[in-house]
Every structure is written in structure tokens, then in C-alpha cells.
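S.K.:
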Amino acid sequence: MTYPHIYSHTAMLRHNPSEDIDGFVSPEIPDRLSAILESMPKDALHFINDQDAATAQQLSRIHHSDYVQHLIQSTDKNLLLDFDTAIGRGSVQAAVIAAGTSIAAVRTACRQPGQATMAAVRPPGHHAEVDRAMGFCLFNNVAIAAQHAIDELDINRVCIIDWDVHHGNGTQNIFYERDDVLFISLHQSPLYPGSGYIEEIGRGPGHGYTINVPMPAGQMNADYLEVFDRIIDPATARFDPDLILISAGFDAHKDDPLGNMCITNDGFANMTRKCSMLAKSHCNGKLSFILEGGYSIPALTQSMNTCVATLAGTPIPETNQQTMPRTLEIIGRVKQTHPQWLS
Ligand SMILES: [Zn+2]
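Start counting the sequence shown at 861; every next residue gets the next number (this note's numbering).
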């Protein structure tokens, strides 16, 4: 069995502001990553070296250099950066390693087409804005990796599919005025961070290159798969990317304490298979998954393992559920909003 390469580094276990700052509590804890590392097939794991941490230059391609310098100079300080986002001892090092791990995963995906990769990282990244941390995120890992692929790996067009239960506001805003990155987010709405409406479609040259699919709580596997069939597949086909990146949060899982969706392990397996087929059809199999959220540790490890097994060729059960009428109505509105991709 050929496993996808899963990149990681144990320095990311040392980010633990709940321990360092009195009264600060977060569900984004080191046990999330240690449980993943313990549960993954050992043949699949690849640990990057310390010197593969993202450089200030790589981070500054996405973030304001003042913000990058502020964080780097705050290494080993205890600071509250946002109401739910803090750094303590080891946090900044974890964040630059997380960005570097994401770059390493994307580098292999680009240099060895057909070899899908994953970045098992924390802190997550998709809420991080150009100049601010938020939502447990310090640096925007998927955006940094996408930009590295464009600048260094001969990639011209990147499609980012964000299936985390929360809207990827940071990634959206970073690429909002660009036509070389198609950003597609399916997320629960209303929910933190409160953005991700259908009408948010990009601006200027990026007009139309942001596709938001906000869905009410309670959506099931069939609803997510219908969004893939009716929106993600045709839009990605027309955009014709050189690389597909997945902002892979697992907090849409039915057991997650932060989301209210009803996706099962089989649902994530089916979505993974669809991403794999899309990559094989449109970009020679160049596909990488960057971990975002997921706060039930059993759900996170099981669903991530199911994705790994799917990428290794394990057959997966079809879903027999019915799509909800509300989902079809949302799909119809997204199609009307994006005729250039979905007519
Ligand atoms: Zn999330």
C-alpha cells in the first residue's frame, strides 16, 4: 500500500498557551497533534528538519513584514493576540515550523506528481489575516504554501478548497483581488468568524475567484458531496489549476464540539476521493492537504486516518443519503452568483 507522505514536526507540540497564560483556555491543544502522530501509519510519516522552518521571507510573501517581525521578536513571550488566540513558550517556533511543514508537503506534491501529501500541523492557519492572528491561527499556512508553489515551483494557478466548518476568512482576504488562486469554502453559517456569504466573490482582477458555500447546521455527507458534484468539480475543471490544496479541517465531523455539522468518517473519505480525482483530472495529481481545525480528538484522528487510507487506495462506502432541499437551494444561489464557472 502506498501511503500519502504526511509531513510534521514535534516542535508543534510545544505550542500550549493554555499552560503558559493563567486563565487562557483553548480547545486547540497539543494532544490534537500527538494523537494524530500516534495513530498514523509509521510508513507515511516524514518529519521535517528544524532548518525547514519557514523563513521570514517566505512568511512575508503573505503577511506584512511588521507582523512577521512582531511575532518573531515575541518568541518565548506570553501574549494574548486576540480574544481566542495567544502565544506562549514555543508558540512562535511552532508556527514557523507549521508554515515550513506546509511548504514541505506542497513541494513534494509538486515535484512528485501523483504523490498526494498532507501537512499535520498546528497552530492552524486559515483565519490568520495579512496583519493579524485570529481564531487560533498565527500564520496562514495554506496561503504561504500556495505562494511558495507559485514563486518557486513553477505553479501558475492554485485551487484552494477549504472544507473546515469555519469560513477561511484569512485565506479569502489574502487572495481576494487575485485571479491566480481560486478559493472555494464550504462552511457552516452562521458561525465564527461570521464571514463567507455567497455575495463575497472577490474584487478587481479577483472578481469571481472566491466562491463561498455557507450552509446551515446539520448538513450531512450527501449535502457536502452534492456541493462537490455541482460546484467544486465544475468550477475547478473550468479554472484548470496546476495544484489543488485542501484546507482540511475536521470540525464538520458530527462529534466535533465546535461545529454543528453531521459529517462522518465516510463523508471525509468520499470528499478525499473527490479531491484526488479532481487532482488527477486537472493537475497531474498535484494535491496536498493542510490540517486546519478539528477538536474532538477521536473524530480528528479517525477521519484523518480515513483520508490517508482513501489516498492509499482503500475502497470506501458510497453514501445513500438524500440531499436536503435547503442544500439544493443554496447550490442554486451559488450557481447564479458564479455564471463564469457554473453556467
Ligand atoms: Zn474550524
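Idealized CB from N, CA, C, for every residue including glycine.
Please list the terminal residues of the continuous beta strand (DSSP E) segment that includes VAL802.
M.R.: Residue 802 lies beyond the stretch modelled for the chain, which goes from 861 to 1203, so this question has no answer here.
S.K.: Following a CB-centred definition, is HIS1026 positioned closer than 6 Å to any heavy atom of ligand 1?
M.R.: Along the sequence shown, one-based indexing puts residue 1026 at 166. At least one heavy atom of ligand 1 is nearer than 6 Å to the Cβ of HIS1026, so yes.
S.K.: Can you tell me whether THR1183 is helix, strand or coil according to DSSP?
M.R.: For this step, residue 1183 is matched to residue 323 along the sequence shown. Here THR1183 sits in coil by DSSP.
S.K.: Taking buried to mean at least 16 other C-beta atoms within 10 Å of its own C-beta, is THR870 buried or exposed?
M.R.: Here residue 870 is taken as the residue at index 10 of the sequence shown, counted from 1. THR870 comes out exposed.
S.K.: Measuring only the C-alpha atoms, how far is GLY1028 from ILE1123?
M.R.: As a first step, residue 1028 is located in the sequence shown; it is residue number 168 there, counting from the start. As a first step, residue 1123 is located in the sequence shown; it is residue number 263 there, counting from the start. Cα to Cα, GLY1028 sits roughly 18 Å from ILE1123.
S.K.: Alpha helix (DSSP H) containing PHE1128: first to last residue?
M.R.: On the sequence shown, residue 1128 is found 268 positions in, with the first residue counted as 1. Segment 1125 to 1142, the alpha helix (DSSP H) holding PHE1128.
S.K.: Pick out whichever of ILE881, TYR863 and ILE896 has its Cα sitting closest to the Cα of TYR1155.
M.R.: As a first step, residue 1155 is located in the sequence shown; it is residue number 295 there, counting from the start. The shortest C-alpha separation from TYR1155 is found at ILE896.
S.K.: Give me, in chain order, the residues of the same chain whose beta-carbon lies closer than 6 Å to that of LYS1134; leave out the 5 immediate sequence neighbours on both sides.
M.R.: Taking the sequence shown and counting its residues from 1, the one referred to as residue 1134 is at position 274. Within the same chain, LYS1134 has close Cβ partners PHE1088.
S.K.: Thinking C-beta only, is ALA980 closer than 7 Å to SER868?
M.R.: Against the sequence shown, residue 868 aligns to sequence position 8. Against the sequence shown, residue 980 aligns to sequence position 120. Cβ atoms of SER868 and ALA980: closer than 7 Å.
S.K.: For GLY1056, which of PRO1076, ASP1040 and ALA1095 has the nearest alpha-carbon?
M.R.: The count along the sequence shown starts at 1 and reaches residue 1056 at position 196. Looking at the Cα atoms, PRO1076 is the closest of the given residues.
S.K.: Going by the beta-carbon positions, is the gap between ASN1016 and ASP1100 smaller than 7 Å?
M.R.: Sequence index remark: in the sequence shown, residue 1016 carries index 156 (1-based). Sequence index remark: in the sequence shown, residue 1100 carries index 240 (1-based). No, these two residues do not count as a Cβ contact at 7 Å.
S.K.: How many angstroms separate the CA atom of PHE943 from the CA atom of ILE957?
M.R.: One-based indexing of the sequence shown puts residue 943 at position 83. One-based indexing of the sequence shown puts residue 957 at position 97. Distance between the alpha carbons of PHE943 and ILE957: 23 Å.
S.K.: Any heavy atom of ligand 1 within a distance shorter than 6 Å of the CB on GLY1109?
M.R.: Numbered from its first residue, the sequence shown carries residue 1109 at position 249. Within the cutoff, so yes.
S.K.: Any idea which residues DSSP pairs LEU1046 with across the strands?
M.R.: Here the question's residue 1046 lines up with position 186 in the sequence shown. Answer is VAL1073.
S.K.: Taking only the alpha-carbon atoms, compute the straight-line gap between MET1080 and ASP1093 and give it to the nearest angstrom.
M.R.: Translated into the one-based positions of the sequence shown, residue 1080 becomes position 220. Translated into the one-based positions of the sequence shown, residue 1093 becomes position 233. Distance between the alpha carbons of MET1080 and ASP1093 is about 19 Å.
S.K.: Would you decide whether HIS987 is buried or exposed? Buried here means 16 or more other CB atoms lie within 10 Å of its CB.
M.R.: Here residue 987 corresponds to residue number 127 of the sequence shown, with the count starting at 1. Burial call: buried.
S.K.: Going by the DSSP bridge assignment, what does HIS906 pair with across the sheet?
M.R.: The residue given as residue 906 occupies position 46 in the sequence shown. TYR867, per the DSSP bridge assignment.
S.K.: Is any heavy atom of ligand 1 found at a distance shorter than 6 Å from the C-beta of GLY1153?
M.R.: As a first step, residue 1153 is located in the sequence shown; it is residue number 293 there, counting from the start. Because some heavy atom of ligand 1 lies under 6 Å away, the Cβ of GLY1153 counts as near it: yes.
S.K.: Quick check on this structure: which residue in PRO973, GLN917 and PRO1177 has the alpha carbon closest to the alpha carbon of ASP1204?
M.R.: Coverage of the chain is limited to positions 861 through 1203, which leaves residue 1204 absent and any answer about it impossible.
S.K.: Quick one: measure Cβ to Cβ for ARG1090 and TRP1201, integer angstroms, because I've assumed they're closer than 8 Å.
M.R.: Within the sequence shown, numbered from 1, the residue matching residue 1090 stands at position 230. Within the sequence shown, numbered from 1, the residue matching residue 1201 stands at position 341. Not a contact, Cβ separation roughly 11 Å.
S.K.: Is the stretch 1140 to 1158 touching the stretch 1105 to 1118, taking contact as three or more C-beta pairs under 8 Å?
M.R.: The stretch 1140 to 1158 vs the stretch 1105 to 1118: in contact.
S.K.: To which residues does DSSP link SER1107 through a beta bridge?
M.R.: Position 247 of the sequence shown holds residue 1107. SER1107 is bridged to ASP1022 and ILE1150.
S.K.: Using a Cβ-Cβ cut-off of 8 Å (strictly less than) and excluding sequence neighbours within five positions of SER894, which residues of its own chain qualify?
M.R.: As a working mapping, residue 894 is identified with position 34 in the sequence shown. Once the five neighbours on either side are set aside, the close Cβ partners of SER894 are LEU873.
S.K.: May I ask which residues mark the beginning and end of the beta strand (DSSP E) holding LEU940?
M.R.: Here residue 940 is taken as the residue at index 80 of the sequence shown, counted from 1. That run of the beta strand (DSSP E) goes 939 to 942.
S.K.: Beta carbon of ILE932, beta carbon of CYS1019: below 7 Å?
M.R.: As a position in the sequence shown, residue 932 is number 72, starting the count at 1. As a position in the sequence shown, residue 1019 is number 159, starting the count at 1. No, these two residues do not count as a Cβ contact at 7 Å.
S.K.: Taking all protein chains shown into account, decide if PRO983 is buried (16 or more other Cβ within 10 angstroms of its Cβ) or exposed.
M.R.: For the purposes of this step, residue 983 is taken as residue 123 along the sequence shown, with counting starting at 1. Flag for PRO983 reads buried.
S.K.: From ASN1180 to THR1132, what does the alpha carbon distance come to, in whole angstroms?
M.R.: What you label residue 1180 is simply residue 320 of the sequence shown in a count that begins at 1. What you label residue 1132 is simply residue 272 of the sequence shown in a count that begins at 1. Cα to Cα, ASN1180 sits roughly 17 Å from THR1132.
S.K.: Cα separation between LYS1195 and MET994?
M.R.: Walking along the sequence shown from the start, residue 1195 turns up at place 335. Walking along the sequence shown from the start, residue 994 turns up at place 134. Distance between the alpha carbons of LYS1195 and MET994 is about 31 Å.
S.K.: In chain order, what residues of the same chain have a beta carbon less than 6 Å from the beta carbon of GLN953, not counting five sequence neighbours either side?
M.R.: In the sequence shown, the residue the question calls residue 953 occupies position 93. The residues are ALA871.
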